[in-house]
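Novice: Residue numbers (this note's numbering): 4 to 194.
Backbone N, C-alpha and C fix where the C-beta goes; we use that ideal spot for every residue, glycine too.
Predicted model only: the values in this text are computed from it and were never measured.
(1) CB residue 32 to CB residue 42, shorter than 8 Å?
(2) Beta strand (DSSP E) containing residue 8: first to last residue?
(3) Taking DSSP as the reference, what is the three-state secondary structure of residue 38?
(4) Taking its Cβ as the centre, do 16 or more other Cβ atoms sit within 10 Å of residue 109, making it buried, or is it exposed?
(5) So residue 80 and residue 101 are supposed to be a Cβ contact under 8 Å. How far apart are they, rounded?
(6) Tell whether a beta-carbon distance below 8 Å holds between residue 5 and residue 112.
(7) Using a Cβ-Cβ cutoff of less than 6 Å, which residues in the same chain neighbour residue 38 once the five nearest sequence positions on both sides are dropped?
(8) Hey, quick one: how far does the beta strand (DSSP E) through residue 56 stretch, first residue to last?
(9) Mind pulling the alpha helix (DSSP H) runs of 4 or more residues that sit fully within the stretch 48–92?
(10) Please determine, among 181, 60 and 160, the residue with the shortest C-alpha to C-alpha distance to residue 103.
(11) Give me the Cα-Cα distance between residue 105 and residue 84, rounded to the nearest whole angstrom.
(12) Give me whichever residues DSSP pairs with residue 101 in a beta bridge.
(13) If you draw a straight line from the alpha carbon of residue 136 to that of residue 75, how long is it in whole angstroms?
(14) Can you tell me whether DSSP reads residue 159 as helix, strand or coil?
(15) Excluding five sequence neighbours on each side, which residues of the same chain lie with their C-beta closer than 8 Å to the C-beta of residue 28?
(16) For residue 23, report the span of its alpha helix (DSSP H) as first-last.
(17) Would you kindly report the start and end of the unbroken alpha helix (DSSP H) that includes residue 185?
So, in structure tokens, the structure goes:
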């Protein structure tokens, strides 16, 4: 069962959205009327999904969502009446997974949450893939720099320098990038 944090700024006695969520079998772990301190509440409660129900998201709300997206990423669904393209773009930049205009009908709730979860997982996979590629590129640069230093210092070919680093890494049971970084650190100490 999905654990949901609901931010409903309607200020009404009851929240139709909360009632629909409960009827659909979701666990609403907290309902609040403001996004203030959202980051702290998300960190404490660890909900699976955040749902915002507002006429129009304020700058403060979008800022809080940005903090949550950066620190504790999770799917965010925004129900609103605001159709402005600028607001939609700002919400997407803040990390909103689903931006739903014109209210919430109970029968649409499950598909909307399914899409938000799927989109969030897709984006997370892309972010992970990008980070992995950036890490590999950074490691490759370190290895290439260390190889260049060995070519210069030992007056060997690039292939021989690479083989020297590889052997050293195997002998010391270290990753190649760790050995390369040590070579760079030693070279920088000598200058």
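Specialist: With the given structure in hand:
(1) The answer is no: Cβ separation not under 8 Å.
(2) From DSSP, the beta strand (DSSP E) with residue 8 extends over 6–11.
(3) Here residue 38 sits in coil by DSSP.
(4) So residue 109 ends up on the exposed side.
(5) 5 Å between Cβ atoms; contact.
(6) A distance of 8 Å or more separates the beta carbons of residue 5 and residue 112.
(7) Residues of the same chain with a CB within less than 6 Å of the CB of residue 38, apart from the 5 flanking positions on each side, are 10, 64 and 67 in chain order.
(8) First-last of the beta strand (DSSP E) with residue 56: 52–56.
(9) Qualifying alpha helix (DSSP H) stretches, in chain order: 62–74.
(10) Residue 103 has its Cα closest to that of 60, out of 181, 60 and 160.
(11) Spanning the two alpha carbons is a distance of roughly 5 Å.
(12) Note: residue 101 sits in a beta bridge opposite 80.
(13) So the alpha carbons of these two residues sit roughly 22 Å apart.
(14) Of the three classes helix, strand and coil, the one that applies to residue 159 here is coil, per DSSP.
(15) Excluding sequence neighbours, residue 28 sits near 4.
(16) According to the DSSP assignment, residue 23 belongs to the alpha helix (DSSP H) that extends over 19–26.
(17) The continuous alpha helix (DSSP H) containing residue 185 extends over residues 179–192.
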